[in-house]
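To keep things clear, I will list the structure first and then write my remarks on it.
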Amino acid sequence: MCVDCHGQVTPGVVAAWRDSRHARTTPTAALAQPALQRRFSADETPAQGAESAVGCFECHGL
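Residue numbers (this note's numbering): 6 to 67.
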């Protein structure tokens, strides 16, 4: 998982992510919000990551 390596290379970024709402939601949950509230640019997510915590790629990699 990305966090394993990034936790060693950029521990401050990982700590900020762990304390953010991103670490506590999934793409499926984000997409269930009304469009103006979700702040998530994708209309759908790949099934393999739909129930994982939201990381940088889910928003910034699209």
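By construction, the Cβ of each residue, glycine as well, lies at the ideal position given by its N, Cα and C atoms.
Rounded Cβ spacing between residue i and residue j (contact assumed at less than 8 Å)
i, j, result
"C7", "G60", "6 Å"
Residue environment, residue i, which counts as buried when at least 16 other CB atoms sit within 10 Å
i, result
"A21", "exposed"
"P39", "exposed"
"V19", "buried"
"A37", "exposed"
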